[in-house]
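I have placed the structure first, in the form of structure tokens, so that the comments after it can refer back to it.
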Amino acid sequence: MSSTKKVRVRFAPSPTGGLHLGGVRTVLYNYLFAKHHGGDFILRIEDTDQNRYMPGAEDYIFNCLKWTGLEPDESPVHGGAFGPYRQSERKPLYRQYAEQLVKNGNAYYAFDTPEELEKMRANFKTEQNPSPQYDHTIRSAMRNSLTLPANEVEKLLAENVRHVIRIKMPENETVCFTDMIRGEVSFNTSVVDDKVLLKADGMPTYHLAVVVDDYLMQISHAFRGEEWLPSAPVHILLWKYLFGADAMPQWAHLPLILGPNGKLSKRDGAKYGFPVFAMNWTNPATGELTEGFKEKGFLPEAFINLLAVLGWNDGSEQEIFTKPELIEKFSIERVHSGGAKFDYEKAKWFNHEWIKKLQASDYQLQVKELLENKGIAVTDQAQFIPVLDLVKERCILLPDFVEQAGFFFKAPEKYDLDAIKPKWNESKQSFFVALIRSFELSNTWNAHDLETGFKEMAAARQIKPGELLLPLRIMLVGGKFGPGVFQIAELLGKEETVTRIKYLLTLL
RNA sequence: GGCCCGUUGGUCAAGGGGUUAAGACGCAUCCCUUUCACGGAUGAAUCACGAGUUCGAUUCUCGUACGGGCUACCA
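Encoded structure:
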């Protein structure tokens, strides 16, 4: 391992839609690795396929990075010395590398039309080989610079006939490399096809672009999803042909995050009721909305934490990690090689832990907005933080605060009267009338004194406090939930407490 | 079909030739709490299978099965 080289890693999404769990985790691992080693985290936009380009997707990606706090050091918006960071803006760069490969005999021009390719696939398709590839067994039957006479190739090129450049995969060679997560991985070149490197529109494919840009941007370590493993031999060979194997970054292929049935898809989210994208994403073409973790009520700290330990752990029993702790402890070698099924129940547990761990002031703004959206105005700012602190252990997702804290700022709309009525009687009625009186007369107002006074009154009337506590709770809260009833009364204030008791008495 | 990767409780996982095979989520029971939670305790539940190597395999090797990924002028 050459440790002299500065650590530079990149996340290279294509702006084709929302950013899902796996993508964010790849960002996270890149980010953590870079920061751990004092290196740079680069974001490169891989927009070489104009057919799949989705307006808004690039801004969306940056918004997700901002929300998660995983901001790059270099990117199309952050700048940097290795730009441009959008592959579409680098288009003129790639052709020379492809041509160099042709010149050296490692690639060739192919003039086959889409129709001809389709025909080839249909012709060679058999039961044993349902998806024939453009490989060493088939390229001799196609129209390319390997089969056509040199003068005709020149003529076609001169006439600007649409063509691509394909890599010429060697026959029966073994390509192997050491993956930082899975160790030695090897392939036989005979079974990998002659991938297109430069498309007919002059844009590079991923295969060429990733190698050229990783080289030009001096990437030291390349992390990507396991789905790229089968095309790794193409990239390894390209590195060897173009820049030398020594210059090649170290690879790590991250395990996939699985849904209930295989690779996690946004469909799984819709089907099983959990988010798959980091933030809400609306497909501009269809208007279809896919829910995000942010809007579902996850804290970014929790989101990062749960993603980090989905496929990685530090060997200890620790599960809750702050970002600085992750940066300190992360190592790519401790990432598992096996895929992990995403467990939404555990994800919620992480969020719950973080709601408890963080200060209420850290997320008060989000909660206030949630309340206001439900028509609950927070007028008393001084009470707001104490209220949140009082109820936060009951909240798993941010929207839970609406139910748990809402009644402090707006009287309940519904009361669980059925919980009181069956056992209601005259003596209880008169107790509460007296309680109102004593509350009105009291000149202190804190939970402890309230409770003492309440219990003394109950004892004097020979009623068990337990018989009275639940009714009082319903009067103040509306239902059988929430913190200690006298703590609620304290925060509610004398006036509001009395008002609510009086109102409920009229309903009983 | 071919190729590649993987496989420890339902899920995330530690461990890695000899262990009572950690821990967490979830689930169940109990304690605390005159609500709901939080917290605490306990419990059920795991090394895919078959060969080999070995005094001894969950751990190493090879097969098999199963799961997943890839197989586009998509990334």
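So for the first sequence, the working numbering puts the first residue at 511; every next one is plus one.
Here a beta-carbon is modelled for each residue, glycine too, at the ideal position from N, C-alpha and C.
Nearest CA to the CA of residue i: which residue from the options?
i, options, result
"Leu980", "Asn633, Glu628, Glu599, Lys931", "Lys931"
"Cys686", "Pro680, Arg692, Ser696, Met679", "Ser696"
"Gly579", "Pro602, Pro834, Gly615, Trp761", "Pro834"
"Glu843", "Asp689, Leu752, Gly989, Ala757", "Asp689"
"Lys920", "Gly807, Val897, Glu903, Ala929", "Val897"
"Gly988", "Gly916, Ala887, Ser948", "Gly916"
"Gly976", "Val845, Ser650, Lys938", "Lys938"
"Gly527", "Ile675, Thr536, Pro640, Gly566", "Gly566"
"Lys839", "Asp890, Val744, Lys545, Ser585", "Lys545"
"Tyr619", "Ala651, Val663, Lys635", "Val663"
"His673", "Leu658, Leu708, Met679, Arg692", "Leu708"
"Ser741", "Lys576, Val706, Leu766, Pro770", "Val706"
"Gln728", "Leu978, Met564, Lys516, Ala970", "Lys516"
"Gly825", "Tyr1013, Lys773, Val845", "Val845"
"Phe787", "Lys776, Lys781, Gly797, Thr796", "Lys776"
"Asp583", "Val537, Phe733, Lys933", "Val537"
"Asp645", "Glu637, Thr699, Gln914, Glu913", "Thr699"
"His958", "Ser730, Ser940, Gln997, Trp934", "Gln997"
"Phe744", "Leu927, Tyr716, Phe733", "It is worth fixing the name first, because residue 744 is Val in this sequence and not Phe. Checking every option, the nearest Cα to that of Val744 belongs to Tyr716."
Among the residues of its own chain, which have a CB less than 6 Å from the CB of residue i, if the five just before and after it don't count?
i, result
"Asn815", "Phe831, Phe860"
"Arg692", "Ser847"
"Gly710", "Checking the displayed sequence, the identity of residue 710 turns out to be Ala instead of Gly. Arg672, Val674."
"Phe808", "Asn861"
Quick check on the burial criterion: 16 or more other C-beta atoms within 10 angstroms. Buried or exposed for residue i?
i, result
"Gly532", "buried"
"Lys884", "exposed"
"Asp622", "buried"
"Arg1010", "buried"
"Ile552", "buried"
"Gln869", "exposed"
"Leu726", "exposed"
"Asp550", "buried"
"Lys665", "exposed"
"Val519", "buried"
"Phe803", "buried"
"Ile895", "exposed"
"Asn614", "exposed"
"Ser948", "exposed"
"Asn616", "buried"
"Gly994", "exposed"
"Lys678", "buried"
"Tyr925", "buried"
"Gln610", "exposed"
"Pro810", "buried"
"Lys974", "exposed"
"Tyr1013", "exposed"
"Arg676", "buried"
"Trp791", "buried"
From residue i to residue j, what distance separates their C-alpha atoms?
i, j, result
"Gly1003", "Gln876", "25 Å"
"Pro624", "Arg600", "26 Å"
"Val701", "Glu626", "22 Å"
"Ala812", "Arg631", "48 Å"
"Leu1048", "Lys806", "With the chain covering only 511 through 1018, there is no way to say anything about residue 1048."
"Glu966", "Tyr873", "40 Å"
"Asn793", "Asn953", "59 Å"
"Cys905", "Asp559", "44 Å"
"Arg983", "Ala929", "10 Å"
"Gly754", "Tyr541", "27 Å"
"Asp910", "Leu880", "9 Å"
"Cys574", "Phe543", "19 Å"
"Met652", "Asp703", "14 Å"
"Tyr782", "His530", "15 Å"
"Trp749", "Arg605", "16 Å"
"Leu945", "Thr889", "27 Å"
"Pro586", "Phe592", "10 Å"
"Val1008", "Val943", "10 Å"
Within the same chain, show all residues whose beta-carbon is closer than 8 Å to that of residue i, passing over the 5 residues directly before and after it, in chain order.
i, result
"Met511", "Low local confidence applies: a pLDDT of 45 at Met511 is under 50, so the model's placement there is unreliable, and no value is given."
"Leu1001", "Gln893, Pro896, Val897, Leu900, Phe918"
"Glu628", "none"
"Asn956", "Glu1000"
Who are the near neighbours of residue i in its chain, counting only those whose CB is closer than 7 Å to its CB and skipping five residues on each side?
i, result
"Ile648", "Met630, Phe634, Pro642"
"Pro922", "Val987, Gly988"
Report the start-end ranges of each beta strand (DSSP E) in the segment 662–697 that is 3 residues or longer and not cut off at the edges. 674–677, 684–689
Could you give the uninterrupted runs of the beta strand (DSSP E) lying entirely in the segment 776–862, keeping only those of 3 residues or more? none
Can you list the beta strand (DSSP E) stretches of 3 or more residues lying completely in the segment 900–946, in chain order? none
Would you mind listing the alpha helix (DSSP H) stretches within the segment 955–984 that are 4+ residues and don't spill past its ends, in chain order? 957–970
Counting only runs that start and end within the segment 525–554, where is the beta strand (DSSP E) found for 3 or more residues in a row? 550–553
Scan the segment 724–754 and note each continuous alpha helix (DSSP H) run of 4 residues or more that stays entirely inside, going in chain order. 742–752
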